Structure formats: C-alpha cells, structure tokens
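Quick notes on the structure that follows.
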Ligand code: GAP
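In the working numbering, the protein residues as written are 310 to 840.
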C-alpha cells in the first residue's frame, strides 16, 4: 500500500539520507533542499529514465543543455518580466507575507483578516553578471528551461536538418522566488525541470497535444506512478497561462496534499517562436505577441511541401523532478506486517495511544490547530491497528507531538513491536532504485567470506552499470530491513556454501524469496531483472 501521509515519506527521506535541508548547519534556507547519497542516485535514475524514454527511444527528438544565465531580453520577450507574477499580500497584524490565492482572506499564521490589497510579485531571481553591477549587467536565474530551447530553435534546426514534427528535450535547474515554499519538495525555490518543446505544423497541434498526453501518462505508469492516482485536468480557458491555447495538467493525488499538479502539457501555438522572432509582421502569426525590436533571427521552418516558411506550433510537456521524486517515493512506500503481534502486546500499545491522545487533546502547550491534527491522526491510527502500528512514529514526529509527556511511553511500547513485526519497504522499480544490490558476508570476521563478498560488490559495480554496496555491520535480518527501507531490489549473502560451490543467496526485496545463483552469473541475473 502506498504512503498514507506525506510525513511517512518526509521522515524516511530525512532519516536515510535521501534529502537534507540546504545549509542545515546554518539554520537552512527556506524552500531549498539538497539530495543526499541515496537521493542523488534516485533523482539521477529518474532523469535518465525520462531522457531514455523521450530522447533515445524516439526518432523525433534532440537534446539540449542551455545555460541558466541568459540575456535579459529573453525574459522581456517571453513575457516573464511582465507576467511571471503571483499576487502577494501582507498580514498587517503579524507582518507575515502570503500568496493571496492560497489563503482565503485570513492570515494562516495569526488568523487576522487585516491584510493588504494583493499586489504582483515577480518570482524571477535577479543577479548581476560581471564585476560592475550596472543596468547592462542585470540578469535573471531562469525560472524555466523552456526559453533556452526556443531561442536555440534555429541553431538546432540548422545543425540537425530536422523536419517537422520534431522536439527538443532538456533537463536543468529552474529558480522561482516562491512567496510561500512549502510541503517539502513540492513547492521549492530551486528545482530540476524535465521539459520538452515539440514543434509541429500549424493545424496538427491538437492531435499532437493528445498524443503527448497519452505518451506522458504511459511514462508515469512505467516509473510506478499509478494511473489511478493521476487525474487529467483540462484547464478552463479563463485560467490558462498567457501563452497557452489549451493545457492539460496532470494532477497527482499526493498523500496529505490531495490532487496537485505534477506536470503541465500545454499547447502553446506559435506564441514562443513568434515572440522571439524578428520581422514578426511578415510571419502571419496566430498568437498575439509583443513587438520584438531586438531579435536578429526569423524563427521559421521552411516547409518543402508548400514551399513556404512557417512558424511551427509548440506542444510542451513540462514536469518538475522534485514532484516526480516525491510521487515515486509515495507510490513505492509500504509498511508491511511480516508477522502479526501478540494480542496482549498490541493491547498495551492501544492503551498507551489512548492515554497519549487524551493528554494531547487537553494540552495547553500546543496550538489548537496542532492539537486537532495530532488527535485526528492518532485516532485514525487507533482504529487501524495493528496495520497502522508503524505510523505511531510519524505521529510522534508531528508538530507539537514532543510537548506531550506520554509520548515517550507510547514510543517505548510501539517501537519494539514495530521493529519486530513490520518492515518498511520501498517497492521502487528496480531500475530506479538508488542501490541495485547489497552484498553481505554471513560472518564479518571470516576472511574468506569477507573477501568474496567485497570482490562481488566490486565486480558488480565496475563498468558503471549498477550501484552496489557491501555491509557487514549487523545480523543478516537487520541488514535486509535496512536495504528494504531504501528500495534495494536484491540482497546477496555470501555464506560457507559459497566458498565451496561459488554460489550466493539472492533475496528478492518484494517477495523475500531466496535462491542460489552462481557468482559467475550474477551480473547477468541482476541486469535481466533491473527493469
Ligand atoms: N515551461 C512551462 C512551465 O514552466 P510550470 O507549470 O510553471 O510550466 C512546470 O512548471 C512544472 O514544474 C510543474 O508542473 C511542476 O511539476 C514543476 N514546478 C513548478 N513550480 C515548482 C516549484 N516551485 N517547486 C517544485 N516544482 C515546481
């Protein structure tokens, strides 16, 4: 079963080194996160999978890696200087600052309705290029990678001799000075983007828009993001971005957050190439664009069938890697009962939980909001025992939970039972897993076992085809649990039989089934299963 609350995934991601708050030792930086040793592997695997599916496995795509810093004029003519704004309000009472469209007329911090009128806030980060910070040095950190593709359209076309339809894919950082970054990786100020600009003959854009929608849904399913938890939202005309003719937003049902945008697939007409083009008046553009007096290039395509120059229309699938990363973790997350706990031990947890909730419900030490959230979550756990037993830990990590004295007692009852009867497992697609294989010697002080295990790890990892680790820091059962929790699909144990017949035990993460495989055949055995 996937995660039922975002806290479960946040807690695992922090505990196991997927994600760290940026510059944590100095108190962090709001809305910015670092990917730790496991996080960087998972993130890279997701990005590689997207690139493989959208560039290598298609005949109609090229790749690009444009710079983050661009000429300021790009953002003038893209419309971002004028329109990349969110409405911002200030609370006159507590001086906090909010996005007006997210707070329903009341300050979420202090509850006051004494708010300023909304005013536009441009979300692009500003910087200066070069040693003299004058007007000529002014630049932005790009808020999307898309513009790097549009302004390179003529370069890519002339160097690849592509015919329409074709697309350009790009993965790279985007920066947005979000007014209220929140919900872990969901809304941040620096993030990686997966963007495609697909150029088509005018008149064929609706067909291609639908084809990209189908294609993208197939990709999400292929990386384990269930189709049942994605809704396609056909954005109403009144809510469309300035460049869009029609947009499908893919809304993923994140635990705790509910349906939220994970990818936008926009039909952008000839707005982008038209906006960045010179001689706009002669192009017969269908989109309304601002007059461009700076561009040096006509961004057109010569159509050999009609013998005419046309401005291609654009279909744009655009997703954020962080939201994808979060969805993949939520989908893969599972707390599985390995064997049911004894009734009397469970009753002791029930009693401790009831006492804790009673105390939390009356506590003056925490805010009413925190109290309500804590009690609601605790009651949900109480009605779903024993299967919700592992969730006690994330209950105790909630805001204000540490202020309730009976928390220690509850943890003391719940934790040993959880450790004994449950395993947390990430059922990641094996090809996405940060670590593909973990190798253990049955005894860590036996020279022969240790050297064979280390040799296996080294040979699996050499050639760069998979990340493998060696671990001898606990009993085998504990080592299995540790790897299950980070989604390692295969654990390999080297035992005394291995020294005789050159086989090892391979244990499957999902089924927990074990089989013996010849060391010489391990590489092929694993690669066949890393799908
Ligand atoms: N070029 C089109 C474009 O940038 P967008 O809807 O603004 O469209 C695309 O952004 C995707 O980037 C979103 O669907 C979302 O997945 C991700 N995204 C946008 N803002 C984000 C933020 N502040 N934090 C994390 N991801 C974000």
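Cβ atoms here follow ideal geometry from the backbone N, Cα and C, with glycine treated the same way.
Please read these numbers as outputs of a predicted model, since none were measured by experiment.
Pick helix, strand or coil for residue 708, following the three-state DSSP scheme.
Three-state result, residue 708: coil.
Quick one: complete beta strand (DSSP E) runs, 3+ long, within the segment 548-576?
Complete beta strand (DSSP E) runs here, min 3: 555-563.
With H, G and I counted as helix, E and B as strand and the rest as coil, what does DSSP make of residue 701?
Residue 701 falls in the helix class under three-state DSSP.
Is the beta carbon of residue 506 closer than 8 Å to that of residue 580?
No.
Any heavy atom of the ligand GAP closer than 7 Å to the Cβ of residue 628?
Within the cutoff, so yes.
Going by beta carbon distance, what residues of the same chain come within less than 6 Å of residue 584, once the five residues before and after it are set aside?
So the list reads 386, 598, once near-sequence residues are dropped.
Taking 8 Å as the threshold, find out whether the segment 560-576 comes into contact with the segment 766-782 through three or more Cβ pairs.
Taking 8 Å as the limit for Cβ pairs, the verdict is that the segment 766-782 does not touch the segment 560-576.
Under 7 Å from any heavy atom of the ligand GAP, does the C-beta of residue 328 make it?
No, Cβ of residue 328 sits at least 7 Å from all heavy atoms of the ligand GAP.
Would you mind working out which of 327, 556, 833, 705 sits nearest residue 624, comparing C-alpha positions?
Among 327, 556, 833, 705, the Cα nearest to that of residue 624 is on 556.
Could you check if residue 573 belongs to the surroundings of the ligand GAP, using beta carbon to heavy atom distance under 7 Å?
Yes, Cβ of residue 573 sits closer than 7 Å to a heavy atom of the ligand GAP.
Going by the C-beta, is residue 497 closer than 7 Å to any heavy atom of the ligand GAP?
Because some heavy atom of the ligand GAP lies under 7 Å away, the Cβ of residue 497 counts as near it: yes.
List the endpoints of the continuous alpha helix (DSSP H) containing residue 356.
Looking at the DSSP string, the run of the alpha helix (DSSP H) that includes residue 356 is 346-360.
Residue 455 to residue 689, Cα distance in whole Å?
Residue 455 and residue 689: Cα-Cα distance of roughly 44 Å.
Going straight from the alpha carbon of residue 654 to that of residue 783, what length do you get?
In a straight line, the C-alpha of residue 654 is about 26 Å away from that of residue 783.
Does the ligand GAP have even one heavy atom less than 7 Å from the beta-carbon of residue 636?
It does not: the Cβ of residue 636 is nowhere closer than 7 Å to a heavy atom of the ligand GAP.
Output the distance between the C-alpha atoms of residue 652 and residue 786, rounded to the nearest integer angstrom.
Distance between the alpha carbons of residue 652 and residue 786: 24 Å.
For the ligand GAP, any of its heavy atoms closer than 7 Å to the Cβ of residue 430?
Outside the cutoff, so no.
Using 7 Å as the cut-off, classify the Cβ of residue 485 as near or not near the heavy atoms of the ligand GAP, replying yes or no.
Yes, since a heavy atom of the ligand GAP falls inside the 7 Å radius drawn around the Cβ of residue 485.
DSSP three-state call for residue 503: helix, strand or coil?
Reduced to three states, the DSSP call for residue 503 is strand.
Out of 524, 699, 477, 393, which has the shortest C-alpha to C-alpha gap to residue 375?
The option with the nearest alpha carbon to residue 375 is 477.
Does the segment 484-498 come close enough to the segment 333-346 to have 3 or more Cβ pairs within less than 8 Å?
Touching, yes, given that three or more Cβ pairs across the two stretches are closer than 8 Å.
Comparing the CB of residue 500 with every heavy atom of the ligand GAP, is any distance shorter than 7 Å?
Yes; taking the cut-off as 7 Å, the Cβ of residue 500 has a heavy atom of the ligand GAP nearer than that.
Extract the residue ranges of the beta strand (DSSP E) inside the segment 429-506, only unbroken runs of 3 or more that lie entirely within it.
The qualifying runs are 435-437, 447-449, 475-484.
Applying the criterion that 16 or more other CB atoms from any shown protein chain within 10 Å of the CB defines a buried residue, is residue 491 buried or exposed?
With fewer than 16 Cβ atoms within 10 Å of its Cβ, residue 491 is classed as exposed.
Do residue 802 and residue 828 have their C-beta atoms closer together than 8 Å?
No, they are not a contact pair.
Is residue 631 a contact residue of the ligand GAP, with contact defined as CB to any heavy atom under 7 Å?
At least one heavy atom of the ligand GAP is nearer than 7 Å to the Cβ of residue 631, so yes.
For the segment 599-606 against the segment 477-486, are there 3 or more C-beta pairs whose distance is under 8 Å?
Contact between the segment 599-606 and the segment 477-486 is absent, because fewer than three Cβ pairs lie under 8 Å.
Report the rounded CA-to-CA distance for residue 755 versus residue 724, giving the unit in angstroms.
Their Cα atoms are separated by approximately 33 Å.
Anyone know if the C-beta pair for residue 676 and residue 709 falls short of 8 Å?
A contact, by the Cβ cut-off of 8 Å.
Would you kindly check if the distance between the Cβ of residue 659 and the Cβ of residue 694 is under 8 Å?
Result yes, Cβ atoms of residue 694 and residue 659 sit closer than 8 Å.
Since residue 591 is in the alpha helix (DSSP H), which residue starts that stretch and which ends it?
No alpha helix (DSSP H) contains residue 591, which DSSP labels as neither H nor E.
Quick check on this structure: which residue in 543, 529, 358 has the alpha carbon closest to the alpha carbon of residue 537?
Nearest of 543, 529, 358 to residue 537, Cα basis: 529.
Taking the continuous beta strand (DSSP E) assigned at residue 399, which residues delimit it?
It spans 394-399 - the beta strand (DSSP E) in which residue 399 sits, taken as one unbroken run.
So, is residue 403 buried or exposed, given that buried needs 16 or more other C-beta atoms within 10 angstroms?
Classification for residue 403: exposed.
If you drop the 5 nearest sequence neighbours on each side, which residues of the same chain put their C-beta closer than 6 Å to that of residue 800?
Cβ within range, chain order: 747, 789, 792, 816.
When you compare the segment 354-373 with the segment 389-407, are there three or more beta-carbon pairs, one atom per stretch, that lie closer than 8 Å?
Touching, no, given that fewer than three Cβ pairs across the two stretches are closer than 8 Å.
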